[in-house]
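See structure below.
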Amino acid sequence: MKKILIILCLCLTISLIGCEVQSVSNQKTNDAVVEYDEDVFSIVEDPYKAEVARSFARGAQKIVLDKDLHVFRYWGGGSGESGFYFSKKMYTDKDKAKRELALPERNTAINVTQYKIPKGTTLIYGNTANMVGVEGFGMKATGGAEQYFLPNPSVAEKELVGKLEYDHIEQTVDELEEVPAAAIQ
């Protein structure tokens, strides 16, 4: 009882001097224990919090968009066009995309879809974690690039869809083939 009272007094003292106390959770995923800020990952469904937290390097933040955000999703092979993770960066090299975004081995990253995430959406933003040594990821999945996690991918509006031609190093978003959303299934 005495220990609980001391902890409560410490928390009250810290809050009175303007410091923020964060709720940190530990959850075991595979063989690793993942520590994450409960407030940041509060928008993720409980069974997936540790997995999503593991995909981010330290320092991830929960943000609310103050304007529309245009992002890309790299996909192919065993990864579909729709998903939770997005990047603001337009890659012209699938291997670089796979490495920097720490994509799983099943994702060939031969396709890209540009989306618009609307103003007011809450998502998680941060750098991708190094996934080398994690089951399902290759030895080159080093991470480090910025990424966004969108808990409800249905709010993302499809803008452009294309197959990346990695032979053309200077390819830009304008060169991607625009396909009507109704034609994509």
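Those letters in the sequence shown? Residues 60 to 244, per the numbering used here, in order.
Yeah, the Cβ is synthetic: ideal placement off N, Cα and C, and Gly gets one too.
Just so you know, these numbers come straight off a predicted model, no measurement behind them.
Does the beta-carbon of residue i have 16 or more other beta-carbons within 10 angstroms, so that it is buried, or is it exposed?
i: S213; result: exposed
i: K178; result: exposed
i: Q120; result: exposed
i: G192; result: exposed
i: K153; result: buried
Could you check how far apart the C-beta atoms of residue i and residue j are, in whole angstroms? I think they sit under 8 Å.
i: E140; j: N170; result: 7 Å
i: A168; j: W134; result: 7 Å
i: I270; j: F100; result: Lying outside 60 to 244, the shown extent of the chain, residue 270 is not represented and no answer is given.
i: N189; j: G202; result: 5 Å
Can you check DSSP and say which residues form a bridge with residue i?
i: R132; result: T172
i: S138; result: G135
i: E205; result: N186
i: I122; result: L182
Determine the direct distance from the alpha carbon of residue j to that of residue i, and round the result to whole angstroms.
i: A215; j: R132; result: 11 Å
i: T172; j: M149; result: 10 Å
i: D96; j: E194; result: 24 Å
Does the Cβ of residue i lie closer than 7 Å to at least one heavy atom of the ligand NAD?
i: E164; result: Absence of the ligand NAD is noted for the structure shown, with no ligands found whatsoever.
Subject >> the stretch 146-157 contacting the stretch 214-221, beta-carbon criterion three pairs below 8 Å >> reply: At 8 Å Cβ cutoff, the stretches do not touch.
**OP:** May I ask you to verify whether the stretch 123-132 touches the stretch 101-112, counting CB pairs closer than 8 Å and requiring at least 3?
**Re:** By the Cβ test, the stretch 123-132 is not in contact with the stretch 101-112, since fewer than three Cβ pairs between them sit closer than 8 Å.
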